[in-house]
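Report on the following structure.
2 protein chains.
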Amino acid sequence: MKRILFILTICLISTGLLAQQNLDFSKKVEIISPQINSDNTVTFRLMAPNAKEVKLQGDWMPSEGWITKLQDLQKDETGVWSFTTQVLPSDLYSYTFIVDGLKVLDPNNVYQVRDVATVMNIFLIEGGLGDLYKVQDVPHGTVARCWYDSPKLDSPRRITIYTPAGYEAGKDKYPVFYLLHGMGGDEEAWMALGRASQILDNLIAQGKAKPMIVVMTNGHTSNTAAPGESSKGFYKPDMRAPDIFSGDMEANFGDVIKFVESNYRVKADKQNRAIAGLSMGGFHSLYISANYPNTFDYIGLFSPAILPPANAASPMYVDLDAKLKTQQDNGYSLYWIGIGKTDFLFQNVVDYRSKLDSMKFKYQYRESEGGHTWANWRLYLSEFAPMLFQK
Amino acid sequence: MKRILFILTICLISTGLLAQQNLDFSKKVEIISPQINSDNTVTFRLMAPNAKEVKLQGDWMPSEGWITKLQDLQKDETGVWSFTTQVLPSDLYSYTFIVDGLKVLDPNNVYQVRDVATVMNIFLIEGGLGDLYKVQDVPHGTVARCWYDSPKLDSPRRITIYTPAGYEAGKDKYPVFYLLHGMGGDEEAWMALGRASQILDNLIAQGKAKPMIVVMTNGHTSNTAAPGESSKGFYKPDMRAPDIFSGDMEANFGDVIKFVESNYRVKADKQNRAIAGLSMGGFHSLYISANYPNTFDYIGLFSPAILPPANAASPMYVDLDAKLKTQQDNGYSLYWIGIGKTDFLFQNVVDYRSKLDSMKFKYQYRESEGGHTWANWRLYLSEFAPMLFQK
Numbered sequence: 001m002k003r004i005l006f007i008l009t010i011c012l013i014s015t016g017l018l019a020q021q022n023l024d025f026s027k028k029v030e031i032i033s034p035q036i037n038s039d040n041t042v043t044f045r046l047m048a049p050n051a052k053e054v055k056l057q058g059d060w061m062p063s064e065g066w067i068t069k070l071q072d073l074q075k076d077e078t079g080v081w082s083f084t085t086q087v088l089p090s091d092l093y094s095y096t097f098i099v100d101g102l103k104v105l106d107p108n109n110v111y112q113v114r115d116v117a118t119v120m121n122i123f124l125i126e127g128g129l130g131d132l133y134k135v136q137d138v139p140h141g142t143v144a145r146c147w148y149d150s151p152k153l154d155s156p157r158r159i160t161i162y163t164p165a166g167y168e169a170g171k172d173k174y175p176v177f178y179l180l181h182g183m184g185g186d187e188e189a190w191m192a193l194g195r196a197s198q199i200l201d202n203l204i205a206q207g208k209a210k211p212m213i214v215v216m217t218n219g220h221t222s223n224t225a226a227p228g229e230s231s232k233g234f235y236k237p238d239m240r241a242p243d244i245f246s247g248d249m250e251a252n253f254g255d256v257i258k259f260v261e262s263n264y265r266v267k268a269d270k271q272n273r274a275i276a277g278l279s280m281g282g283f284h285s286l287y288i289s290a291n292y293p294n295t296f297d298y299i300g301l302f303s304p305a306i307l308p309p310a311n312a313a314s315p316m317y318v319d320l321d322a323k324l325k326t327q328q329d330n331g332y333s334l335y336w337i338g339i340g341k342t343d344f345l346f347q348n349v350v351d352y353r354s355k356l357d358s359m360k361f362k363y364q365y366r367e368s369e370g371g372h373t374w375a376n377w378r379l380y381l382s383e384f385a386p387m388l389f390q391k
Numbered sequence: 001m002k003r004i005l006f007i008l009t010i011c012l013i014s015t016g017l018l019a020q021q022n023l024d025f026s027k028k029v030e031i032i033s034p035q036i037n038s039d040n041t042v043t044f045r046l047m048a049p050n051a052k053e054v055k056l057q058g059d060w061m062p063s064e065g066w067i068t069k070l071q072d073l074q075k076d077e078t079g080v081w082s083f084t085t086q087v088l089p090s091d092l093y094s095y096t097f098i099v100d101g102l103k104v105l106d107p108n109n110v111y112q113v114r115d116v117a118t119v120m121n122i123f124l125i126e127g128g129l130g131d132l133y134k135v136q137d138v139p140h141g142t143v144a145r146c147w148y149d150s151p152k153l154d155s156p157r158r159i160t161i162y163t164p165a166g167y168e169a170g171k172d173k174y175p176v177f178y179l180l181h182g183m184g185g186d187e188e189a190w191m192a193l194g195r196a197s198q199i200l201d202n203l204i205a206q207g208k209a210k211p212m213i214v215v216m217t218n219g220h221t222s223n224t225a226a227p228g229e230s231s232k233g234f235y236k237p238d239m240r241a242p243d244i245f246s247g248d249m250e251a252n253f254g255d256v257i258k259f260v261e262s263n264y265r266v267k268a269d270k271q272n273r274a275i276a277g278l279s280m281g282g283f284h285s286l287y288i289s290a291n292y293p294n295t296f297d298y299i300g301l302f303s304p305a306i307l308p309p310a311n312a313a314s315p316m317y318v319d320l321d322a323k324l325k326t327q328q329d330n331g332y333s334l335y336w337i338g339i340g341k342t343d344f345l346f347q348n349v350v351d352y353r354s355k356l357d358s359m360k361f362k363y364q365y366r367e368s369e370g371g372h373t374w375a376n377w378r379l380y381l382s383e384f385a386p387m388l389f390q391k
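These protein sequence lines are chains A and B, in that order.
Sequence positions in the first sequence follow the UniProt record's numbering and run 1 to 391.
Sequence positions in the second sequence follow the UniProt record's numbering and run 1 to 391.
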């Protein structure tokens, strides 16, 4: 009898009805949302019998000017609001509901990502590009959150390091890919929004990318770690722009390399170092590779922000043309630039390419559809990683 | 001009107004929620001018029977609903809003945890116990998510491993603490809900706990990893009870020990092994330590579920009394049992203690306030870890 009571009670806990656990009001009726249909349309559902209006905002939806055009959901007689999309290409997507003007996460979908101060639900459509972003039954790398010293900055600083499957058990040395986030990001961004560990696991398992270590830093020198992961506590994240043109990230990047090369089995030479980043991280990758001109053989600028303001005083930003000339003379295997056709930084990239062209500085150029989005940055990572360390 | 446009556009992105980024409807007015006031009361706020009723559900709130009594928020003339709590003791807390019957996460608080299929916001009150759960300016350990082989199970399986500050740079060998989750958990639970890495960082920095490696497994043999981290994809989590009395977790625990002792610098002897778990993990810790009777010198049962059903056929569950006798004869340094006074498993623990008493099997007993809650399990970890490896 006691055992039956135990099982019953466990079942009660599982429905969230015990005060000792946490209530879940979404469970009175079993709602499936999002439901990926067999034709790759997606049905969203929300139980909200008292709502007057439920809208959907998703990152695949068209926009008018800067603003996404929201999609209305329709209510049925049971109080469930729903909407089914058109067929969506295989990819990872994000969305939220807006209920009577209030942003509401889907209570039936626990899969979420944070972008700066916004939390969104995510879902994945398989059968194409999305398969690269999915955890597959392949050997998995290890993802470690560590802290390294950077004596001239507020330190220790948090860093995310991916080591490929087989690293622990083996004795091989590996090449290293430094992968930098944008202005709204931190050392979690490429993992959470960029699906970096899934992309690397899958590309390596398919034989399309070399096994490599991927190092994801925090590019904001005014923070030691992602929101919630430092002694600042649970503060409200924002865009902390003041540090982005200080040059401190670039000037102290040697501490990152030193930490990695002291603590991991790496091939510590130029041929086995790559650096790439998105937006602000593209800006960082440009200046770090130019200021350490014989350090990286592979450089990737993803939707890069390129030029610091004229009053940016750091020596990191001085004499860029001369630094690029030195980098050119030293040589490199790949200088890769990717940008979306509707990215607000498109013209910056046109200007930068003109500069490079006028110097006969060789680079590969990739122009994609879309704008300044994680969809593009995941795509660029998927295309860039296979080109690394193939010599 | 271009640079000014660039800065302006970056600012626009930071307010979430660009369609290329994700809209955040919460930002029209700057709302602070939750606000921890200087007297340790907490003010919650939600902008919802169209709502008829906004309620708060928090894990510190009183309950009637099984159900938490919800707290009403009051609306002001700007459409902001608010409520201020009584003074709360220093701890980590979780909550959600209920808006016109719909569970709504606080759009102004990005800090969340998932418990099975429920996502909740969290906040922390400093100045006491909560300080142990906070990231402090102390040396930090590394937290790695790895995959290990367990040939008789669906494998590889995901595992979370904490190594203390100094592990990478040093050459010392460390003791190992195996820390197991409950029926609703996985290899993320002790990190996300249990604040294990913060507790260990802080206790070690204060000299209250020995530096140790902490190993957090996934105790559900029907899953290889936490929801979203395996090839099952983004399925809706539930309580997957079918595997809990199979004995497979216990029978294959040797694979975990083998992985840890092959891949980390550990002291691989009984004196330097501890095992503890909460609820189902307490059950696992009891049976693993009894079935491997000369392996663990420190055993912790936190709010343990204790007896498998009579039809549980695994050899792991057979002859418990004889196994306990062997464990008793072999000796151990600490057998610790903690339970809350209102825990639904309280009587099970009374019965188990009677059994131990009748055998003169020595144990330490800790009875706390409250029930089957993460507040208790964090507390137990904070008290148990300092007792480990002190010989």
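Note that beta-carbon positions come from the ideal geometry of N, C-alpha and C, so glycine has one too.
Amino acids of chain B, ordered along the chain, whose beta-carbon sits closer than 7 Å to that of S230(A): V135
Determine whether the beta carbon atoms of N272(A) and K323(A) lie at a separation below 8 Å. no
For D224(B), count neighbouring C-beta atoms within 10 Å of its own C-beta (all shown protein chains included) and say buried if the count is 16 or more, exposed if not. Going by the sequence as given, residue 224(B) is Thr instead of Asp. T224(B) comes out buried.
Is the beta carbon of V176(A) sitting closer than 8 Å to the one on V260(A)? yes
What residues in its chain sit with their C-beta under 7 Å from that of I244(B), if we drop five residues either side in the sequence? M183 and M280
Counting only C-beta atoms, is R114(B) closer than 8 Å to chain A at any point? yes
What residues are listed by DSSP as bridge partners for A274(B)? F177(B) and Y298(B)
Looking at chain B, which residues of the segment 156 to 173 of chain A have a Cβ within less than 8 Å of any of its Cβ atoms? Cβ contacts with chain B come from P156, R158, A165, E168 and A169.
Please list, in chain order, the chain A residues whose beta carbon lies closer than 9 Å to that of P151(B). Within chain A, no residue comes near P151(B); the closest Cβ sits about 15 Å away, beyond 9 Å.
Does any CB atom of chain C fall closer than 8 Å to the CB of P107(B)? Included in the structure are the protein chains A and B, with no chain C among them.
Among A276(A), N37(A) and L356(A), which one has its Cα closest to the Cα of I125(A)? N37(A)
Can we say the segment 94 to 112 of chain B touches the segment 156 to 174 of chain B, given the rule of at least three CB pairs closer than 8 Å? no
In angstroms, rounded to a whole number, what distance separates the CA positions of F296(B) and V215(B)? Taking the straight line from one Cα to the other gives about 14 Å.
Give me the subset of the segment 48 to 61 of chain B whose CB atoms are less than 8 Å from a CB atom of chain A, sorted by chain position. A48, P49, N50, A51, K52, Q57 and D59
Using a Cβ cut-off of 8 Å (strictly closer), state whether W377(A) contacts chain B. For W377(A), no CB of chain B lies under 8 Å from its own CB, so it is not counted at the interface with that chain.
Applying the 10 Å Cβ sphere with the 16-neighbour rule, what's the burial state of N294(A)? N294(A) sits exposed, since fewer than 16 C-beta atoms from the chains shown fall within 10 Å of its C-beta.
Helix, strand or coil at V260(B) [DSSP, three-state]: helix
In three-state terms, what does DSSP make of L23(B)? Per-residue confidence for L23(B) stands at a pLDDT of 36, beneath the threshold of 50, marking its modelled position as unreliable; no derived number is given.
Please compile the residues from chain A whose C-beta is within a distance smaller than 8 Å of the C-beta of T221(B). For a Cβ distance threshold of 8 Å, nothing in chain A lies close to T221(B): the least Cβ distance comes to about 16 Å.
Should the segment 103 to 115 of chain B be called in touch with the segment 48 to 64 of chain A, which here means at least 3 C-beta pairs below 8 Å? They do not touch, by the three-pair rule.
In the segment 244 to 266 of chain B, which residues sit with their C-beta less than 7 Å from some C-beta in chain A, listed in chain order? Listed by position, the residues of the segment 244 to 266 of chain B near chain A (Cβ gap below 7 Å) are N263.
Compare the beta carbon distance of I288(A) and N348(A) with 8 Å and say whether it is the shorter of the two. no
Between Q35(A) and the rest of its own chain, which residues show a CB-CB distance below 6 Å, the 5 nearest in sequence each way excluded? T43
Here's a check: name, in chain order, each residue in its chain whose Cβ is nearer than 6 Å to the Cβ of G68(B), leaving out the five neighbours to either side. Checking the displayed sequence, the identity of residue 68(B) turns out to be Thr instead of Gly. Cβ within range, chain order: Q57 and M61.
Any contact between the segment 146 to 157 of chain A and the segment 197 to 209 of chain A? By contact I mean 3 or more CB pairs, one from each, below 8 Å. Contact fails between the segment 146 to 157 of chain A and the segment 197 to 209 of chain A, because fewer than three Cβ pairs, one in each stretch, are under 8 Å apart.
Helix or strand or just coil, what does DSSP make of L334(A)? strand
Rounded C-alpha distance that separates residue 392(A) from P89(A): In the structure displayed, chain A extends from 1 to 391; residue 392(A) sits before or after that span and is not available.
Within the continuous beta strand (DSSP E) that includes G282(A), where are the two ends? G282(A) -> not in any beta strand (DSSP E); alpha helix (DSSP H) instead, spanning M280 to N291.
When we look at the beta-carbon of N330(B) and count the other beta-carbons within 10 Å, is it buried (16 or more) or exposed? exposed
Using the rule of at least 16 other Cβ atoms within 10 Å of the residue's Cβ for burial, across every protein chain shown, is Q390(A) buried or exposed? exposed
By how many angstroms is the C-alpha of D343(B) removed from the C-alpha of E64(B)? Rounded to the nearest angstrom, the gap between the Cα atoms of E64(B) and D343(B) is 15 Å.
In this structure, how does DSSP classify R265(A) when only helix, strand and coil are distinguished? coil
Give a yes or no on whether 8 Å exceeds the smallest Cβ distance from V99(A) to chain B. yes
What does the alpha-carbon distance come out to for the pair I339(B) and N121(B)? 26 Å
Buried or exposed: G130(A), going by 16 or more other Cβ atoms within 10 Å of its Cβ? buried
Within 10 angstroms of the Cβ of N311(A), are there 16 or more other Cβ atoms? Answer buried if so, exposed if not. exposed
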